[in-house]
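S.K.:
Numbering (the working numbering), first residue to last: 7 to 174.
(1) If you measure between the beta carbons of residue 11 and residue 45, is that distance less than 8 Å?
(2) Hey, would you say residue 9 sits closer than 8 Å to residue 79, going by beta carbons?
(3) I believe residue 156 touches residue 134 by the beta-carbon criterion, under 8 Å. Please report the beta-carbon distance rounded to the nearest angstrom.
(4) Quick one: complete beta strand (DSSP E) runs, 3+ long, within the region 24-94?
(5) Report the three-state DSSP secondary structure of residue 20 (helix, strand or coil).
(6) Would you decide whether residue 107 is buried or exposed? Buried here means 16 or more other CB atoms lie within 10 Å of its CB.
(7) From this set, 32, 25, 39 and 24, which residue's C-alpha is nearest residue 146's C-alpha?
(8) Can you name the start and end residues of the alpha helix (DSSP H) that residue 121 belongs to?
(9) If distances are taken between C-alpha atoms only, which option among 154, 126, 21 and 13 comes closest to residue 63?
(10) Look at the alpha carbon of residue 172 and the alpha carbon of residue 74, and state the distance between them as a whole number of angstroms.
(11) Measuring straight from C-alpha to C-alpha, what distance separates residue 49 and residue 115?
(12) Going by other Cβ atoms of all chains shown within 10 Å of its Cβ, with 16 needed for buried, is residue 26 buried or exposed?
(13) Cα-Cα, which of 117, 72 and 151 is closest to residue 131?
(14) Hey, residue 53 and residue 43 are a contact pair by Cβ (cut 8 Å); roughly how many whole angstroms apart?
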């Protein structure tokens with residue numbers, strides 16, 4: 007979440023709750039939303055690391071509000087993040103480890119594991135379909151996020167089918 011908050015702060019100073027609202031508006035309900043406490047803890051760490059600078063702003067009749075702005079180091083960090091690729095192959099998939107170790111342990115049947123995982127993926131896809139229908143159709147990022155998740159799930163379902171063919 008560190009770099010996502012830095013990216014949001016490129017627009018200008020903001021306090022934690024504003025950053026939470028910006029994430030929710032941008033990503034919609036498709037992306038797990040952090041709680042405001044998690045955001046403030048992360049902001050504190052970013053400030054200690056010198057990536058942002060905080061300032062207390064007085065409010066009449068209310069407690070002071072702390073706003074944060076991006077430092078030069080923070081801008082450099084977020085620019086580097088945008089330049090990096092995010093190619094992370096899923097070779098450390100937990101389900102694959104279960105599948106590979108099931109025959110070794112004798113505690114689970116690989117085909118039973120495949121069928122159980124398939125049911126889970128299908129349940130998740132149905133939930134994503136409902137979410138896509140309920141989401142704001144104008145929020146393109148949310149719709150793309152849901153579509154991407156569904157495409158990944160479909161690829162996982164295809165892979166499960168391949169595993170079952172090989173193991174039967």
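Backbone N, C-alpha and C define an ideal beta-carbon position, used for all residues, glycine too. None of the values given here were measured: they were computed from a predicted structure.
M.R.: The structure says:
(1) yes
(2) The answer is no: Cβ separation not under 8 Å.
(3) 5 Å
(4) 58-65 and 68-76
(5) strand
(6) exposed
(7) 32
(8) Note, residue 121: alpha helix (DSSP H), 116-140.
(9) Comparing Cα-Cα distances from residue 63 to each of 154, 126, 21 and 13, the minimum goes to 21.
(10) Between the alpha carbons of residue 172 and residue 74 lies a gap of roughly 54 Å.
(11) Distance from the CA atom of residue 49 to the CA atom of residue 115, rounded to whole angstroms, is 46 Å.
(12) Its Cβ being crowded by 16 or more others within 10 Å, residue 26 is buried.
(13) 151
(14) 16 Å between Cβ atoms; not a contact.
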